[in-house]
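*Asks:* Heads up: the sequence shown begins at 1 in full-length UniProt numbering, then just goes up one per residue. First the structure, then my questions, so here it is.
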Amino acid sequence: MRFPSMTALRVLDAVARLGSLSAAASELSLTRSAVSHQLRSLEECLGTALIEKSGRGIVLTYRGEYFARETQRALGILNEARRFTDAQEIAGRLCVSCTPGFATYWLCHQIGKFQRAHPQVELNLVAPRIPDDVSNRDVDLFIAYGVGDWPDLHVELIATLDTFPVCSPSLLNAAGGLDSPEDLANLPLLHMVDHSDWLLWAAAAGVRDLNVRNGIVFSDAHLVQSAAIAGQGVAMGDALVSGDAMAKGQLVRLFNVSIEPPNRYYFVTDAAKSERPDVQAFKAWMKAELRLSEQFRKGSRGGVIGEGI
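Written out as C-alpha cells, the structure reads:
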C-alpha cells in the first residue's frame with residue numbers, strides 16, 4: 001500500500017472537523033473539486049470508502065471516522081515535533097493573560113507541554129480583571145473572551161463553543177424535574193458578565209415568559225460554574241467549562257437547545273508583538289492542543305480557527 005500524501009491527510013482532517021467539502025476547501029485554500037479529488041485519492045490508497053452522501057451533504061463512514069481520528073493524532077504529533085525542532089530558536093520572557101475560566105478548565109491542564117517544548121521561554125501566566133480586558137501593557141498575548149471588538153489590536157478568533165443550560169442534579173431533583181424550558185421560570189438563573197446568553201437562548205427555545213434578568217451576575221465562567229455545581233441556580237455552560245463537571249455527574253445539561261453565543265475566545269495582541277517568534281509559537285502550540293482536545297472537538301462550531309500544519 002502506498003503512503004497517503006500529506007495534502008490528502010489534511011483534507012480528511014478538515015472535512016472531518018468541518019463536516020463540509022466547501023468549508024474544508026475554504027480553510028485549505030483549495031477548490032471544492034480539488035478536495036473531492038484528494039478524498040478519492042485517499043480512498044483508493046486505503047482501499048475503503050471514507051465518506052458517503054447524506055441528504056444534500058456528506059458524512060464520514062465508520063472507517064472514515066476512525067481514520068480521521070488517527071489522522072488528527074498523527075498531525076498533532078508532527079506539530080509537536082516541529083515545535084520541538086524550533087524550540088532552540090525561541091527564548092525570552094512571554095507574558096500571557098488568560099481568562100480565569102479558560103485557564104482553570106483547560107489551559108492549566110496543558111501548559112506544561114509548552115514549557116517542555118520551549119524550555120528557553122520564561123512563561124508568565126496572569127488573569128485579567130474581566131474576560132475582555134486587554135489593557136495590561138505588561139502582557140504580550142491575551143486569551144480574551146468577548147465580541148471581538150478591540151480597535152487597533154491584532155485579533156484572531158480561537159473558537160466558538162455552543163452554549164446550553166446546566167444545573168446540579170440536586171437542584172433538578174429539588175425542582176421535581178423540568179418538563180419544558182418554561183419550567184425554568186421557577187428556578188434562579190446565573191449569568192456571566194451580562195444577560196445576553198440567556199436572552200438568546202430563551203429566544204431560540206421559544207420561551208416568552210422567562211425573566212432572564214432574574215438571578216446573580218458573575219464576572220467569570222469559573223465563578224458561575226462553581227455556583228451552578230453548588231446548586232445555586234441554572235447557568236449557561238459549554239463543553240469547555242462544563243464538560244468535566246458533566247462527566248463527573250456534578251452538572252447535567254437541560255434540554256437540547258443550544259446557541260452560538262455573542263462572546264467568543266480570541267487571541268489579542270499589540271500589532272508590534274503579533275509576529276514575535278514566542279507569541280507565534282504559543283498560538284501555534286495552543287491551536288494544535290485544542291485540535292486534540294475532546295472538549296473542543298465535541299463543543300466547538302467549525303473546529304479551532306486557523307489551524308493547520
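No residue lacks a Cβ here, since even glycine has one placed at the ideal position from N, Cα and C.
From Arg-276 to Gly-233, what distance separates their C-alpha atoms?
*Replies:* Within the sequence shown, residue 276 is the residue found at index 276, counting from 1. Within the sequence shown, residue 233 is the residue found at index 233, counting from 1. C-alpha separation (whole angstroms): 44 Å.
*Asks:* On the three-state DSSP scale, how would you describe Arg-10?
*Replies:* Counting from 1 along the sequence shown, the entry for residue 10 is found at position 10. The answer is helix: DSSP assigns Arg-10 an H, G or I state.
*Asks:* Assuming Asp-140 and Leu-94 make a contact with CB atoms under 8 Å, what is their CB distance in whole Å?
*Replies:* One-based indexing of the sequence shown puts residue 140 at position 140. One-based indexing of the sequence shown puts residue 94 at position 94. With a Cβ gap of about 6 Å, Asp-140 and Leu-94 count as contacting.
*Asks:* Residues in the same chain with beta-carbon distance under 6 Å from Gln-72, minus the five sequence neighbours each way, listed in chain order, please.
*Replies:* Residue 72 sits at position 72 when you count from the first residue of the sequence shown. Hits under 6 Å: Asp-13.
*Asks:* Rounded to the nearest angstrom, what separates Gly-306 and Ser-226 at their Cα positions?
*Replies:* Numbered from 1 along the sequence shown, position 306 holds the residue referred to as residue 306. Numbered from 1 along the sequence shown, position 226 holds the residue referred to as residue 226. Only weak support exists for where Gly-306 lies, its pLDDT of 39 falling under 50; the value from the coordinates is given anyway. One C-alpha to the other measures close to 32 Å.
*Asks:* Mind pulling the alpha helix (DSSP H) runs of 4 or more residues that sit fully within the region 98–172?
*Replies:* With a minimum length of 4 residues, the continuous alpha helix (DSSP H) runs that stay inside the region 98–172 are 108–117.
*Asks:* Quick one: what's got a C-beta closer than 6 Å to Tyr-105's C-beta in the same chain, skipping five residues either side?
*Replies:* Here residue 105 refers to the residue found at position 105 when the sequence shown is read from its first residue. Excluding sequence neighbours, Tyr-105 sits near Leu-240, Val-241.
*Asks:* What is the rounded straight-line gap between the Cα of Ala-205 and the Cα of Val-252?
*Replies:* Here residue 205 corresponds to residue number 205 of the sequence shown, with the count starting at 1. Here residue 252 corresponds to residue number 252 of the sequence shown, with the count starting at 1. Roughly 18 Å between the two C-alpha positions.
*Asks:* Nearest CA to the CA of His-191: which residue from Ala-271, Pro-165, Asp-209?
*Replies:* Translated into the one-based positions of the sequence shown, residue 191 becomes position 191. Selected option, being the one with the closest Cα: Pro-165.
*Asks:* By the three-class DSSP mapping on this structure, what secondary structure does Arg-40 have?
*Replies:* Taking the first residue of the sequence shown as position 1, residue 40 is located at position 40. It is helical.
*Asks:* In or out: Ala-235 buried (at least 16 other Cβ within 10 Å) or exposed?
*Replies:* What you label residue 235 is simply residue 235 of the sequence shown in a count that begins at 1. Buried, because 16 or more other Cβ atoms sit within 10 Å of the Cβ of Ala-235.
*Asks:* Taking 6 Å as the limit between beta carbons, can you name the residues of its chain near Leu-153, skipping five residues before and five after?
*Replies:* For this step, residue 153 is matched to residue 153 along the sequence shown. Only Val-268 meet the Cβ criterion.
*Asks:* I'd like the span of the beta strand (DSSP E) that includes residue 383, first residue to last.
*Replies:* Given that the chain is displayed from residue 1 to residue 309, the structure contains no residue 383 and the question cannot be resolved.
*Asks:* Does DSSP put Val-207 in a helix, in a strand, or in coil?
*Replies:* Here residue 207 is taken as the residue at index 207 of the sequence shown, counted from 1. Correct three-state label for Val-207: coil.
*Asks:* Under DSSP, the beta strand (DSSP E) around Arg-264 begins and ends at which residues?
*Replies:* In the sequence shown, counting from the first residue as 1, residue 264 sits at position 264. Residues 264–269.
*Asks:* Please determine whether the Cβ atom of Glu-43 lies at a distance below 7 Å from any heavy atom of the ligand FMN.
*Replies:* The ligand content of the structure shown is nil, which means the ligand FMN is not present either.
*Asks:* How would you write the range of the alpha helix (DSSP H) that Gly-243 sits in, first residue to last?
*Replies:* Counted from its first residue, the sequence shown places residue 243 at position 243. Here the alpha helix (DSSP H) through Gly-243 covers 243–247.
*Asks:* Under 8 Å, do Asp-162 and Asp-220 count as touching if we go by C-beta distance?
*Replies:* If you number the sequence shown from 1, residue 162 lands on position 162. If you number the sequence shown from 1, residue 220 lands on position 220. Result no, Cβ atoms of Asp-162 and Asp-220 do not sit closer than 8 Å.
*Asks:* Looking only at its own chain, which residues have a Cβ that is under 6 Å from the Cβ of Val-126, when we skip the five neighbours before and after it?
*Replies:* For the purposes of this step, residue 126 is taken as residue 126 along the sequence shown, with counting starting at 1. Only Ser-97 meet the Cβ criterion.
*Asks:* Between which two residues does the alpha helix (DSSP H) containing Ala-284 stretch?
*Replies:* Here residue 284 corresponds to residue number 284 of the sequence shown, with the count starting at 1. Ala-284 -> alpha helix (DSSP H) spans 277–292.
*Asks:* Between Val-35 and Ala-24, is the Cβ-Cβ spacing less than 8 Å?
*Replies:* Looking up residue 35 in the sequence shown gives position 35. Looking up residue 24 in the sequence shown gives position 24. Cβ atoms of Val-35 and Ala-24: closer than 8 Å.
*Asks:* Leaving out five residues on either side along the sequence, give the residues of the same chain with a beta carbon under 7 Å from the beta carbon of Asp-138.
*Replies:* Along the sequence shown, read from residue 1 onward, the residue named residue 138 stands at position 138. The answer, listed in chain order, is Cys-95.
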